[in-house]
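Position one of the sequence shown corresponds to residue 0 (numbering that gives the first Met the number 0), numbered consecutively onward. Every residue gets a Cβ at the ideal spot worked out from N, C-alpha and C, and that includes glycine. Predicted model only: the values in this text are computed from it and were never measured. The structure under discussion appears below in the form of structure tokens.
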Amino acid sequence: MRADVPLINFSESEEASAMADSSHQLLDLCLRFGTMLMEVGAETSRVEDSITRILKAYGLREPSAFAIPTLVLITFKDEKGSTYTSSRRITVRGNNLYRLTMLNQLSRTLCEGERKTTDYFRVELEKIAVTPNRRFSVVLLATVLVSLGFTLIFRGSWLDALASCVTAVVMRLVFVTLERMQVNSIFNHLVSAFVAGLGIEGLYHLGLAINPALATIAVIMNIVPGMLITNSIRETIGGDFTSGMNKIIEALLIAVALAVGAGSAVVLFGR
């Protein structure tokens, strides 16, 4: 007599498989979302809070997100109690407030109203990823205005203002070129500051600048990491000491790079 063979419930198996696939997709999407936030200059508390809220909105249990400037780590449990965790390293960082605004709006959309599908999440992320950066002409115009404004604030002459504006455009071209080549940020600031100092010193020796030190400072103000410094202080005060100290150290190294770069140009001209 044959023993009874237990029947396999294929519907439950397929449902569990679909749930696992959905959880894996959501894990990957949230990692990508957090990585994009860090890459455009968001503070770590914003990244962790946004990811946690999105996971809760999708009905996942015990969501946890950990972010530092070079890493995003996510852990959660699905409805069956299975644990999912993954991390992603961040190699590119910068500032893009336009994309940051779009990512924040996406986070609000996902957390409000009816639950969105993972396909919707993916499509919106892809739209943001391919959104063009600010037009380069606008960046150059802003660079000129910053240099002009700081020169006049420091009570420089109009000749100094002209020299700083011209040099700032050249420096911005170098900075953006190195940035697109994904050159190390500290080295990028070092080279850009050297170009700024070199340009002003050259114009000074040609009689086209009166106060070279003042004009050099006005040019370098374009690449001073103000957002990085602000976020580092904010995160340290907020208790995110690991991320805050990382950013403070990075800001200090960039400041040293700016000083060394500009100072090297002055030494080169023997002044």
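Practice prompt. Output the distance between the C-alpha atoms of I7 and E78, rounded to the nearest integer angstrom.
Written response: Confidence at I7 is low in this model, with a pLDDT of 48, below 50, so the placement of that residue should be treated as unreliable; the coordinate-derived value is given next. Looking at the two C-alpha atoms, the distance is approximately 21 Å.
Practice prompt. For L36, collect the residues of the same chain with a Cβ closer than 6 Å to its Cβ; drop the 5 residues on either side in sequence, then sort them by chain order.
Written response: Cβ contact annotation for L36 (same chain, cutoff 6 Å, sequence separation greater than five): V46 and L102, in chain order.
Practice prompt. Give the secondary structure of Y57 by DSSP, where H, G and I count as helix, E and B as strand, and everything else as coil.
Written response: Three-state DSSP puts Y57 in coil, outside helix and strand.
Item to complete: Could you tell me whether the Cβ atoms of V190 and V173 are closer together than 8 Å?
Response: With respect to V173, V190 sits close: the two C-beta atoms are nearer than 8 Å.
Fill in: Reduced DSSP category for I84 - H, G, I as helix; E, B as strand; rest coil
A quick correction: the sequence has Thr, not Ile, at residue 84. Taken through DSSP and simplified to helix, strand or coil, T84 comes out as strand.
Practice prompt. Please work out which residues of its chain come closer than 8 Å, Cβ to Cβ, to T130, disregarding the five sequence neighbours upstream and downstream, and give them in chain order.
Written response: Excluding positions up to five away in sequence, the list reads Y97, R98 and M101.
Worksheet item: Between the stretch 222 to 230 and the stretch 154 to 166, do three or more beta carbon pairs fall short of 8 Å?
Response: Contact between the stretch 222 to 230 and the stretch 154 to 166 is absent, because fewer than three Cβ pairs lie under 8 Å.
Worksheet item: Across which residues does DSSP place A66 in a beta bridge pair?
Response: According to DSSP, A66 bridges with V71.
Worksheet item: Could you give the residue range of the alpha helix (DSSP H) that holds L161?
Response: Per DSSP, L161 is one residue of the alpha helix (DSSP H) stretching across W157 to R179.
Worksheet entry | Selected residue, minimal CA-CA separation from S263, among I248, A212 and M220 | Answer by Cα proximity: A212.
Worksheet item: What's the call for V4, buried or exposed, on a 16-neighbour Cβ count within 10 Å?
Response: With a pLDDT of only 47 at V4, under the threshold of 50, the placement of this residue in the model should not be trusted, and no figure is reported.
Discussion item. Tell me the rounded alpha-carbon separation between T150 and R179.
Written reply: Rounded to whole angstroms, the gap between the alpha carbons of T150 and R179 is 28 Å.
Worksheet item: What first and last residue would you give for the alpha helix (DSSP H) that runs through I247?
Response: Per DSSP, I247 belongs to the alpha helix (DSSP H) from F240 to L267.
Worksheet item: According to DSSP, is K79 helix, strand or coil?
Response: Residue state for K79 is assigned as coil, using DSSP reduced to three classes.
Worksheet item: What's the C-alpha gap between K55 and I67?
Response: Between the alpha carbons of K55 and I67 lies a distance of about 21 Å.
Practice prompt. Since I believe L124 is in contact with L28 (beta carbons under 8 Å), could you give me their beta-carbon distance rounded to a whole number of angstroms?
Written response: The pair is a contact, with the Cβ atoms about 7 Å apart (cut-off 8 Å).
Worksheet item: Skipping 5 residues on each side, what residues in its chain have a beta carbon closer than 6 Å to that of T74?
Response: So the qualifying residues of the chain are S63 and T84.
Discussion item. Please state the DSSP three-state secondary structure of R107.
Written reply: If DSSP states are grouped into helix, strand and coil, R107 belongs with the helices.
Discussion item. For N170 and I222, what's the separation of their Cα atoms in angstroms?
Written reply: Note that residue 170 is Met in the sequence shown here, rather than Asn. I222 has its alpha-carbon roughly 9 Å from the corresponding atom of M170.
Worksheet entry | Under 8 Å between C-beta atoms of H188 and I89 | The answer is no: Cβ separation not under 8 Å.
Discussion item. Is it buried or exposed, K246, if we count other Cβ atoms within 10 angstroms and call 16 or more buried?
Written reply: That one is buried.
Discussion item. Mapping the DSSP letters down to three states, classify N94 as helix, strand or coil.
Written reply: Residue state, collapsed to three classes: coil.
Item to complete: Have a look at T166 and V218 and give me their C-alpha separation to the nearest angstrom.
Response: The C-alpha of V218 is placed about 7 Å away from the C-alpha of T166.
Fill in: Residues near F153 by beta carbon distance below 6 Å, same chain, minus five either side
The answer, listed in chain order, is L213.
Worksheet item: Whose C-beta lies closer than 6 Å to the C-beta of R60 among residues of the same chain, with five residues either side of it excluded?
Response: K76, listed in sequence order.
Discussion item. Assuming contact is defined by CB atoms lying nearer than 8 Å, are G155 and N210 in contact in what I supplied?
Written reply: Annotated as proximal: G155 and N210, with beta-carbon spacing under 8 Å.
Item to complete: Select from G80, L70 and T176 the residue whose C-alpha is nearest the C-alpha of S22.
Response: Minimum Cα distance to S22 is reached at G80.
Discussion item. Rounded to the nearest angstrom, what separates Q104 and G237 at their Cα positions?
Written reply: Take the alpha-carbon of Q104 and the one of G237: they are about 23 Å apart.
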